[in-house]
Structure formats: C-alpha cells, structure tokens
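Chains as they are written, first to last, in the working numbering: chain A, 3 to 273; chain B, 3 to 273.
Glycine residues also receive a C-beta, built at the ideal position from the N, C-alpha and C atoms.
Fair warning: this is a prediction, and the values are worked out from it, not measured in the lab.
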C-alpha cells in the first residue's frame, strides 16, 4: 500500500507527498501539529493542514527570511524572531556575529517536536545566545525593545497569524527597533494571492521609509513562488558581506530576488 | 464526485489538478495527448503523463523562453522554433518585429488540438509570417539555415526529446544560425535535476562562446523552479528594449533570472 499526504493549495490544486510514517501528532492548545516522514522531502511538519517545512527544502525559506535583513543592517547585535518555533530561522541568524537572539513562539509543542525530531533545524536551541519565550508575539513586542532586526516567521496572512499583518502590530515593531533597524516577514504566494503581499507592502509603507518585496523558489509551498518583505527607515541595500556558506542565498540573490514579475508590480499599483 | 488528475513529479511527489472534464484524448503516432478542463488553471495539455501547459500560467514559460533570446539579438528577422506545437512560443516571437517564424513540430495532432481548443495560445497560426513544418526538428535543422534565433521548446532532456540535448544537434544548430545568432532551450527543473541543466551548459560551452542559465517560476511544473539556457558566440546582454506589454518578463528579469542559487552553481562546477 502507498500512503500519501496532500496539502490543498487551493480548493482545486493539491501537492501530494508519499509518506513513510506518521512520526508524531499533537493537538496543542493552539493548533493541530503533524510530523510525517516522507520519501522525497525527509521529515515534513504540517500545522493545521498547512506545510510548514520539510527537511529537504527548509534551507531556502530560512536563508531567505534571515540573510537579506541581517546583511542590510550594518551591525546587527540583538535579533528578535516572532514565530519560527522549529528553530530554522534562529539557526541562520546565529551564523552572523550577533549577541542575542530572542525567539517568541506561542506554541511550546512546536518547539518540543522540533527539538525532539528535527535536530538539523532546531540545533540553535542549544546555543546560549538564543533566548526562547513561549508567549504571544503581539504581547511580547509591546513590552520589549532595542532590537536591530525583527523577523516575523509566522503562518500566512489569512488565518491565526492575521494579527501579525496589521498596522497596529507594525507600529509596535517600529517602536521596538533600534535606529537603522529592519524587519522581514514572509507574505505567502504572490501567484495565488498577489493582493496579500501588496497589502502588506502598502501598510508598511505608511510606517517605514523603505519597503521591499522579494521572492524565493520554495518547492513545497503553494505555486513554488514565495514572497517576503523587508522594511526599514534606512535604505534597503547590502551593507555587509556574506562570510559563511549557504545553499541557496548569495549576494547577487539579495538584489535579484527583489526584481518582481509584471503581474505582481501591476497588482501592487492598486494599493 | 470529484475528479483529479495528478502528475507524478517524482515517484514520491505529485501535483493534483481538480478536473471538470476530459476535453480531448488522442493517441498520435508519437505520443498520448490529453486536453483536460481544470478548475484552477483553465485548460491543461498533458503529453505522455507530463504537464505541457495550462491556460493560466503558460505565459510565464512562453515569455521566458522567447523574450530573453529575442532581446539579446540586435535585430532578429528569421526565427526557428523546434517543438512548441501549441503555438505559445510563436505567439510571443510574433510580438517582435520579425519577418519569418518557422515552427517545426513533429506531431501534427498537437497542432490540431491547440488550434481547435486553445485559441489564446495558438492564435499565431493565423499569422502569415508563421510557417509550420510537420517534421522532426533534428532532420529539419540539417537542411535549413540562416536563422537569427533558434528556440528549442521541447519536452525534457530525459525521454523522447533526448536527441535535442546532444552535441551533434547543437553543432547542427550552430551551423544553421546567422552571425550573432542565439539559441534558447528549456532545461527542466534544477531543484530535482540540477545535473541536467549543468550538463546542457557544459555541452553548449564546447560549441558556443557564451552560455547562460536562467530561471523562472512556473507553478505547474515540478518544483516550480524551471531552467532555460541561452547560447551564442556573442556576449549575452540586452541589446534592445521591450516595446510591448508582458505579464511576467521585464528588462530587469532579463538579468535577475540569470542569478543562480548556490546549489545550482555548485552542481555546475562538477561539469
């Protein structure tokens, strides 16, 4: 017998993974978490029916949400990650010469599963520079500040993470940033939902001087085309060099990923 | 009841399309051709179990296989398309000020189905500048010449189109090009098969002075990351401006699409 898990990308499109086994299934206070063993992509973390990461392609997402903002900042020392309980974003941040990384994850169960089953992703939890806060990111940001970079590694704009895509939250973030601070956030697929990333850009543009959309190829996410934004009051440009090995990102991609297809540019003109 | 068609991307990954109806099914002398009506992507052309194009995202593939080489040539007048029986590449070529387009498709049934059911793709067959040759491209190229641009819009390097990825074929193409001529070819997904595009680049580098790999996001192709190559004896750079509307491609993408993720660069160092 063959077992398949399929993620519905829309009502009418699905991506199927052939499955070896269900490794773990936890219903936490917040969400339904599955960890599956797949034949093609290694371990697959699914939350509320949505693919969060696979061992085989997680490096693309995590490199792209971390290295562009970190290399835009001239000397990032204190970094905040909101979400990202699997630890992948923290792992990439810790490749830079930072002093402290604060990871604010609402759901402790995600952290537990990652630490138990995904050591290549969650390794950074062993690093003394990493401070884990099991807390709602929206509350955390109101009480804390002096971050050079804030990375919002959450689920999509439509759903439980909605509050992380609002003007109020972005204003709290801005207050929590140091001068020259920068944020990055994942914004879903512009192929199926170009309006989402354009709305985020529009809201951020009311609060920050510079906002840039950028893209990456993520094979296990809907459409394979994924968007991120960076926002700062200082110009978005490469201020430092990459001095460690990466599998996807490089300094040329810093700029090329900001080049958008016409259909996204046209959509964003509406907002 | 719900009906789904799933393409196997590998043995262990599949993309499923929810289907309204089977519009046409023809077993031609060469291949098994299905045209399906889908809910998400409009009409879907499947040949021998492989997605060839959908009405919703075909513009990305066709713009990207055509406009980069056409804008690299200083004044393309005579263009050859090998494969591309659906007519999409020809439609894009005819947006440029060319004199003649020769389309060499081995399978007349593909042309018939496209002309009957895919008017938005096959419209160029009505253009008097388009000359259709129902013939094997490998034979055609030996007997014809004086093309400014040759576009190889075939199925993948592994399978029936294998002969279109060989040194012998590339030498015949070079002989058939005018001075300053350029070719483009689709090269499959570098995420699942980075070795394929690297091999093509390596073979072409023995024959042409300049060879460049470039990428595009194609949601309905395996992994969503698709590769193409351009090859010429003149430098690969933008020599003309785009003077018509496009949905994906633009002049910045001409260059940004040539920026490759590290994992592809590293694979290509082996060849």
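Mind reading off the beta-carbon distance from residue i to residue j? Whole number of angstroms is fine, and I expect it under 8 Å.
i	j	result
residue 17 of chain B	residue 248 of chain B	Not quite, the Cβ-Cβ distance comes to about 25 Å (not below 8 Å), so this is no contact.
residue 52 of chain B	residue 43 of chain B	Between residue 43 of chain B and residue 52 of chain B the Cβ distance is about 15 Å, and since that is not below 8 Å, they are no contact.
residue 39 of chain A	residue 49 of chain A	About 17 Å; that fails the 8 Å criterion.
residue 100 of chain B	residue 79 of chain B	6 Å
residue 210 of chain A	residue 176 of chain A	7 Å
residue 205 of chain B	residue 74 of chain B	With a Cβ gap of about 20 Å, residue 205 of chain B and residue 74 of chain B do not count as contacting.
residue 261 of chain B	residue 255 of chain A	6 Å
residue 263 of chain B	residue 7 of chain A	Not a contact, Cβ separation roughly 27 Å.
residue 76 of chain B	residue 242 of chain B	7 Å
For residue i, count neighbouring Cβ atoms within 10 angstroms of its own Cβ and tell me buried if that reaches 16, exposed if not.
i	result
residue 13 of chain A	exposed
residue 172 of chain A	buried
residue 273 of chain B	exposed
residue 126 of chain B	buried
residue 130 of chain A	exposed
residue 231 of chain B	buried
residue 234 of chain B	buried
residue 64 of chain A	buried
residue 5 of chain B	exposed
residue 271 of chain B	exposed
Between which residues of its own chain and residue i is the CB-CB distance below 6 Å, once the five residues before and five after are set aside?
i	result
residue 199 of chain A	189, 192, 215 and 229
residue 27 of chain A	36
residue 97 of chain A	246
residue 166 of chain A	154 and 156
residue 34 of chain B	50
residue 139 of chain A	84 and 106
residue 208 of chain B	none
residue 282 of chain A	Residue 282 of chain A is absent from the model: chain A starts at 3 and stops at 273.
residue 134 of chain A	105
Near residue i, which residues of its chain fall below 8 Å by C-beta distance, leaving aside the five closest residues on each side in sequence?
i	result
residue 60 of chain A	88, 90 and 123
residue 153 of chain B	67, 68, 71, 81, 82, 83, 84, 86, 91, 95, 185, 186 and 187
residue 30 of chain B	109, 110, 111 and 112
residue 20 of chain B	4, 5, 6, 40, 41 and 42
residue 119 of chain A	25, 26, 37 and 45
Looking at the structure shown, is residue i part of a helix, part of a strand, or coil, going by DSSP?
i	result
residue 77 of chain B	coil
residue 243 of chain B	coil
residue 55 of chain A	strand
residue 251 of chain A	coil
residue 206 of chain A	helix
residue 166 of chain B	helix
residue 34 of chain A	strand
residue 142 of chain B	helix
residue 261 of chain A	coil
residue 106 of chain A	strand
residue 64 of chain B	helix
residue 195 of chain B	coil
residue 100 of chain A	coil
residue 136 of chain A	strand
residue 238 of chain B	coil
What does DSSP give as the partner residue(s) for residue i in the beta ladder?
i	result
residue 10 of chain B	B:16
residue 216 of chain B	B:230
residue 179 of chain B	B:149
residue 161 of chain A	The partner list for residue 161 of chain A (beta bridge, DSSP) is empty, contrary to what the question assumes.
residue 39 of chain B	B:23 and B:45
residue 85 of chain A	A:155
residue 5 of chain A	A:21
residue 122 of chain B	In the DSSP output, where bridge partners are listed per residue, residue 122 of chain B has none listed.
residue 186 of chain A	A:153 and A:232
residue 93 of chain B	Paired residues: none, contrary to the question.
Who are the Cβ neighbours of residue i in its own chain at under 7 Å, not counting the five residues just before and after it?
i	result
residue 224 of chain A	11, 191 and 194
residue 180 of chain B	148, 149 and 150
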